[in-house]
Amino acid sequence: MGPLLALASAVCYGIVDFTGGLLSRRAHFAAVTLLGQIGGLLLATTAALLLPADAVRPVDLLWGALSGVGSGAAMHFLNRGLSHGAMSVVVPVSAVTGVGLSVVCGVMLGDRPTAVAWLGIVLSAPALWMVCGGGEDDGGGVPDGLLASAGVALQYIALAQAGASSGLWPVAAGRAAAVLVLLPAAARHPLRLRLPPARAVQAVLVGAGAALGLILYLLAAQRQLLAVAVVLASLYPALPVILGLALLGERLSRKQVVGLAGAGLATVLLSLG
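Position 243 of the sequence shown, counting from 1, maps to 1412 under this note's numbering, and the rest follow consecutively.
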């Protein structure tokens, strides 16, 4: 069940990156990010109320809040990078580097992946990079991708420390923390937050999708090693490529085909490991 939940999380994040990337090119990325976190807060709070927790511990809420700080930073830099057309750079850099940081921290915290799982982890990094074209883009998205990756790693590592007894409240606490982190910067430029109603609703829905992906990741991390859950959940860059092929008429390069095959093999290895 753990691998399936992590892969479902990857599907959610893949859809969110694709739709959020398109939206960030049509509206200011700061507004998309803040409204998205508000949408995530609404969904996470509703889900937490519908699924009562056994015992909500303050320490779990603190871990969730710390995860939310990472989420807010990750989405800010990710959307900023996507807003100037560097999708093929920002997404793979944020995913691959975030995976590396998370796996290292997971091992330091006591994870002991099997040899098969390690093979999947090692294979996933070049596969993800190739899926997104190997970063062959001069849009200047590498700095944004690196900054986003630090937020991704913090988001995954901190949330995995929350106990199962607190239910989904750590995710809700994280969305609240993300809103609080992003609000001061957004308040300094209020005109950026003025979006047409349709765009505002789209941003809220994108954020709700990201929160759903995080809920699925939390459930996955409670059922398997952190390193494995992170890598499986971080296979999301493959989906924007597939959606671009199906919906935007894009074509796959040989490098992307090899990357997709590698990502599929990594998924099988991690599931077996």
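Yeah, the Cβ is synthetic: ideal placement off N, Cα and C, and Gly gets one too.
From a predicted model like this one, the values you see are computed outputs, not experimental measurements.
query: What residue ranges within the region 1314-1339 form continuous alpha helix (DSSP H) runs of no fewer than 4 residues, ordered along the chain?; result: none
query: Taking the straight line between their C-alpha atoms, what separation do you get for Leu1408 and Ala1369?; result: 24 angstroms
query: Could you please give the first and the last residue of the uninterrupted alpha helix (DSSP H) stretch that includes Asp1186?; result: 1171-1193
query: To which residues of the same chain is Gly1376 closer than 7 angstroms at the C-beta, ignoring the five residues directly before and after it?; result: Leu1204, Gly1205, Gln1206, Ile1207, Gly1208, Gly1209
query: What is the DSSP secondary structure of Ala1200, reduced to helix, strand or coil?; result: helix
query: So, at 7 angstroms on beta carbons, what are the nonlocal neighbours of Ser1334 in its own chain, with the 5 sequence-adjacent residues on each side left out?; result: Ala1222, Asp1223, Ala1224, Arg1226
query: Please list, in chain order, all residues of the same chain as Trp1338 whose beta carbon is under 8 angstroms from its beta carbon, the five residues on each side excluded.; result: Ala1217, Ala1222, Val1225, Asp1229, Leu1230, Gly1233
query: Excluding the five sequence neighbours on either side, which residues of its own chain have a C-beta within less than 6 angstroms of the C-beta of Ala1398, listed in chain order?; result: Ala1175, Ala1389, Ala1390
query: I need the DSSP call for Tyr1116, collapsed to helix, strand or coil.; result: Only positions 1170 to 1442 of the chain appear in the structure, and residue 1116 is not among them; the question remains open.
query: How about Ala1213 and Ala1380: are their beta carbons less than 9 angstroms apart?; result: yes
query: Of the choices Arg1194, Val1238, Val1400, whose alpha-carbon is the least far from that of Gly1343?; result: Val1238
query: Please classify His1172 as buried or exposed, where buried requires at least 16 neighbouring CB atoms within 10 angstroms.; result: Strictly speaking, residue 1172 in this sequence is Pro, with His absent from that position. Classification for Pro1172: buried.
query: Taking all protein chains shown into account, do 16 or more other C-beta atoms lie within 10 angstroms of the C-beta of Ala1296, making it buried, or fewer, making it exposed?; result: buried
query: Roughly how many angstroms lie between the CA atoms of Ala1354 and Ala1327, to the nearest whole one?; result: 24 angstroms
query: Might you give, ordered along the chain, the residues of its own chain that have their beta carbon closer than 6 angstroms to the beta carbon of Val1427, omitting 5 neighbours on each side?; result: Met1299
query: When DSSP labels each residue in this structure, what does Thr1214 get in the three-state scheme?; result: helix
query: Taking just the CA atoms, how far does Ala1329 sit from Leu1387?; result: 6 angstroms
query: Would DSSP call Gly1279 helix, strand or coil?; result: coil
query: Quick check: Phe1246 and Gly1320, are their CB atoms within less than 9 angstroms of each other?; result: yes
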